[in-house]
Amino acid sequence: GIGRARWKIENEGFNVHKNQGYELEHNFGHGQKTLAMVFYWLNLLAFVAHTILAMGDPLLQQCRMKAPRRDVWESLRMGIAWTLVASWSALLRAYLALWKPRPP
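In the numbering used here, the protein residues as written are 1 to 104.
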C-alpha cells in the first residue's frame, strides 16, 4: 500500500518535470556531474516558483481557468519575447484581455 502510493507520487512528479515543459532528461548536463546538478536544481527552483505562482496569484488562476497550463505559459513566453511589460500583473492582464479559445 504505502510503497505503491509513494511510487505513484514520485512518478507523477517526474512526469511533470519530463513531459510538461521542464524538459528534464537523463542526459541533463551532458556528462558533467556538477553541471547536471546545477541544471537540475535550477529546474526544481523554476518548478517551485511556478507552483507558488499557480497557488497564490489570482490573475494567473484566472488565466488557467481559460486555457490549459501549457497554452498559458506558451502565450506568456511569446508575450515576453515580443513585448516590454511593466510587471507580471500587466502581462497576465494582457493575456486575459487578448485570450481567445483555441479552435477544436
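Just so you know, even glycine gets a beta-carbon here, dropped at the ideal spot from N, CA and C.
The alpha-carbon separation between S87 and A94 amounts to approximately 11 angstroms.
Judged by beta-carbon spacing, L59 lies within the 9 angstroms limit of S89, meaning their Cβ atoms are closer than that value. With a minimum length of 4 residues, the unbroken runs of alpha helix (DSSP H) contained wholly in the stretch 33-98 fall at 33-56, 58-66, 69-82, 88-98.
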